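Please read the structure below before turning to the comments.
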Amino acid sequence: MSTTEMDVDPPITTTKPTKSSKFQTLTQTTIRSPFFSYAHLSLVSPSPSQSTPSLDTLTARHYLTSALRQCLGDTGASLAIDMLLVKGTECWVRVPREDLAAFAAAVTAYPGHGVGGEEQVLMRVVACGDWLGALVGREGEGRVWG
32 MSTTEMDVDP
42 PITTTKPTKS
52 SKFQTLTQTT
62 IRSPFFSYAH
72 LSLVSPSPSQ
82 STPSLDTLTA
92 RHYLTSALRQ
102 CLGDTGASLA
112 IDMLLVKGTE
122 CWVRVPREDL
132 AAFAAAVTAY
142 PGHGVGGEEQ
152 VLMRVVACGD
162 WLGALVGREG
172 EGRVWG
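When the letters of the sequence shown are read in order and numbered with my numbering, they come out as residues 32 to 177.
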């Protein structure tokens with residue numbers, strides 16, 4: 032066997048060990064579509080001279096059910112609404128994600144609800160979306176940038 036026909040091992044290359052990261056990802060998940068959407072609503076009076084009464088859970092649900100029934104009929108009245116927080120004249124609700132557009136349209140189109148004789152109040156959609164954290168963050172945005 033001649034020296035030109037010998038098997039020669041390829042040269043071995045060595046690499047320096049890389050520094051490991053200080054942070055380690057244990058698990059990573061992507062939520063593609065949430066099951067629920069959220070809405071921030073406010074009770075307002077059309078005339079500035081009238082005082083706006085405060086809300087409680089039953090009154091807020093009654094106003095929302097009236098708006099949904101007038102716009103969407105009995106199907107709208109049967110929409111699943113979870114009252115998350117009712118405070119003063121504002122409330123936070125959770126609705127199924129696929130019903131958010133119909134819910135917002137019905138509440139926006141509702142002309143108002145008579146309270147105690149001549150007073151009329153209506154619910155205003157302040158914000159709505161799929162992520163509650165984004166809506167809560169918007170609430171204080173006016174104080175920061177205003």
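Idealized CB from N, CA, C, for every residue including glycine. Being a predicted model, the structure only gives us computed values, none of them experimental.
Rounded to a whole number of angstroms, what is the C-alpha to C-alpha distance between residue i and residue j?
i      : j      : result
Leu99  : Leu166 : 22 angstroms
Ala70  : Ser85  : 18 angstroms
Ser109 : Ala132 : 15 angstroms
Gly104 : Gln55  : 53 angstroms
Ser82  : Gln151 : 10 angstroms
Gly168 : Val157 : 13 angstroms
Leu116 : Thr90  : 13 angstroms
Gln59  : Gly107 : 38 angstroms
Using CA coordinates, which residue listed in the options is at the minimum distance from residue i?
i      : options                           : result
Ala136 : Arg155, Arg125, Thr56 and Lys118  : Arg155
Ala140 : Arg128, Leu153, Leu131 and Gly160 : Leu153
Leu74  : Gln55, Ser109, Lys118 and Gly107  : Lys118
Glu121 : Thr88, Gly168 and Thr58           : Thr88
Ile112 : Gln59, Phe134 and Gly143          : Phe134
Val126 : Gln101, Pro142, Leu95 and Cys102  : Leu95
Ser97  : Lys53, Trp162 and Val138          : Val138
Taking residue i as part of the beta strand (DSSP E), name the residues at either end of that continuous run.
i      : result
Phe67  : Phe67 to Val75
Asp113 : Asp113 to Lys118
Arg125 : Glu121 to Pro127
Is it buried or exposed, residue i, if we count other Cβ atoms within 10 angstroms and call 16 or more buried?
i      : result
Gly177 : Since pLDDT at Gly177 reaches only 47, below the 50 mark, its modelled position is unreliable, and the value read off the structure follows with that caveat. Result: exposed.
Gly164 : exposed
Between residue i and residue j, which are expected to be in contact by the criterion C-beta below 8 angstroms, what is the C-beta distance as a whole number of angstroms?
i      : j      : result
Ser68  : Gly160 : 7 angstroms
Met114 : Arg128 : Contact doesn't hold; Cβ gap of about 17 angstroms is too wide.
Leu72  : Val124 : 7 angstroms
Pro79  : Gly143 : Actually they do not touch by this definition, with Cβ atoms about 15 angstroms apart.
In the DSSP assignment, find the alpha helix (DSSP H) that holds residue i and state where it starts and stops.
i      : result
Ser97  : Thr88 to Ala108
Leu131 : Leu131 to Ala140
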